[in-house]
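Asker: Dropping a structure here in structure tokens format, bear with me for questions.
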Ligand code: 8YV
């Protein structure tokens, strides 16, 4: 039987490549070159599978130009880089990497919340710049995390992980907003109360965004929503760029309309809105919420399991558009 041919679009663990090579004819990109769309299309010619990392856009143009493609395996839980309708229409399976990153990403969401509320980045920059000449009673006074009201928008697995950390670890009063309400058992587990978005924004001391990106969630937080928040509130985005209107946020931070923000994702990343770079009360990290070695390995392994599961055994683990499987 001839081996399927698989492209790995970005640099990845050597062990990931080795696992793929045991089953497929593999072209990898271990020098991590930035391929244009045209180059990606050229590389995909004659390939049945592609290992993507979440930044490669797979849409009608790519699919129409790559008729042999059968599966795109994302090493990410989010899959807004996939046009799933177009993939289904072309009979191309998409898979993502859920679950394996839940706790690691929830840890990071909480770390970013704490860094933001307690002004850790801002005070570290001050110290490194040699500005610490003497202690003052009000130096970098932030807001409390313990006992505060935590508002979570997007109560999927990661949102629930953050809720549990807040409720059980820090005695927070957790409120959440989601497309659909969780069942009573899950709410009890998270000690979380369902509220409308407006009530959440008005009452939360800390707002954390964990909602998946879609055209419907674009600018979930813009100028109008920021205006509802308390002037003492903090905002954390670990979801996707585009969920927050970054220009409106930078203005609200500069004018002190909210206290601080922590951002791991940005509109148009890796570009960052220039106004965010000049406001002090924002903690900025380069999309690293799932970045621990074991978790990144687990994400890569799940993408490989999906490629093998589908191309070798016909049974992918985490299909996004199972209609493609039913039609085979
Ligand atoms: C990824 C993420 O690291 O899984 C996701 O959706 O945002 C991150 O965990 C990123 O997408 C690159 O793969």
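Residue numbers (this note's numbering): -4 to 323.
Beta carbons: idealized from backbone N, C-alpha and C, even for Gly.
#1: Residue 314 by DSSP, collapsed to three states: which one?
#2: In terms of residue numbering, what span does the beta strand (DSSP E) encompassing residue 67 cover?
#3: Return yes when the C-beta of residue 68 is under 8 Å from any heavy atom of the ligand 8YV, and no when it is not.
#4: With three or more C-beta pairs closer than 8 Å as the rule, is the segment 95 to 112 touching the segment 282 to 299?
#5: Enumerate, from N- to C-terminal direction, the unbroken alpha helix (DSSP H) stretches of 4 or more residues contained entirely within the segment 148 to 233.
#6: Between which two residues does the beta strand (DSSP E) carrying residue 20 extend?
#7: Opposite residue 135 in the DSSP bridges: which residues?
#8: Using the C-alpha atoms, what's the distance from residue 262 back to residue 115?
#9: Under the assumption that residue 199 contacts residue 145 (Cβ atoms under 8 Å), give the Cβ distance between them as a whole number of angstroms.
#10: Please list, in chain order, all residues of the same chain as residue 258 whose beta carbon is under 6 Å from its beta carbon, the five residues on each side excluded.
#11: With a CB to CB cut of under 6 Å and the five nearest residues on each side skipped, what residues in its chain are close to residue 68?
#12: Going by other Cβ atoms of all chains shown within 10 Å of its Cβ, with 16 needed for buried, is residue 308 buried or exposed?
#13: Does the beta carbon of residue 291 fall short of 8 Å from some heavy atom of the ligand 8YV?
#14: Name, in chain order, the residues that DSSP records as bridge partners for residue 77.
#15: Tell me where the alpha helix (DSSP H) around residue 103 begins and ends.
#16: Tell me where the alpha helix (DSSP H) around residue 90 begins and ends.
#17: For residue 174, which residues in the same chain have their Cβ closer than 8 Å to its Cβ, ignoring the five residues on either side in sequence?
#18: Throw me the rounded Cβ distance for the residue 66 and residue 306 pair, which I believe falls under 8 Å.
#19: Between which residues of its own chain and residue 361 is the CB-CB distance below 8 Å, once the five residues before and five after are set aside?
#20: So, with DSSP's three-state summary, where would you put residue 255?
#21: Given 8 Å as the limit, tell me if residue 294 has its C-beta closer than that to any heavy atom belonging to the ligand 8YV.
#22: Can residue 325 be considered in contact with the ligand 8YV, in the sense that its beta carbon sits closer than 8 Å to one or more heavy atoms?
#23: What does DSSP give as the partner residues of residue 288 in its beta bridges?
#24: Note down the Cα distance separating residue 21 from residue 159, rounded to an integer number of angstroms.
Answerer: The answer reads as follows:
#1: strand
#2: 66 to 69
#3: no
#4: yes
#5: 152 to 159, 179 to 185, 192 to 198 and 218 to 223
#6: 20 to 22
#7: Its beta-bridge partners do not exist; DSSP assigns none.
#8: 24 Å
#9: 7 Å
#10: 232 and 279
#11: 46, 90, 298, 301 and 302
#12: exposed
#13: yes
#14: 53
#15: 97 to 112
#16: Segment 88 to 90 is the beta strand (DSSP E) holding residue 90; no alpha helix (DSSP H) there.
#17: none
#18: 6 Å
#19: Given a span of -4 to 323 for the chain in the structure shown, any question on residue 361 remains unanswerable.
#20: strand
#21: yes
#22: This structure does not reach residue 325, given that the chain is present from -4 up to 323, and the question cannot be answered.
#23: Residue 288 is not bridged to any residue.
#24: 41 Å
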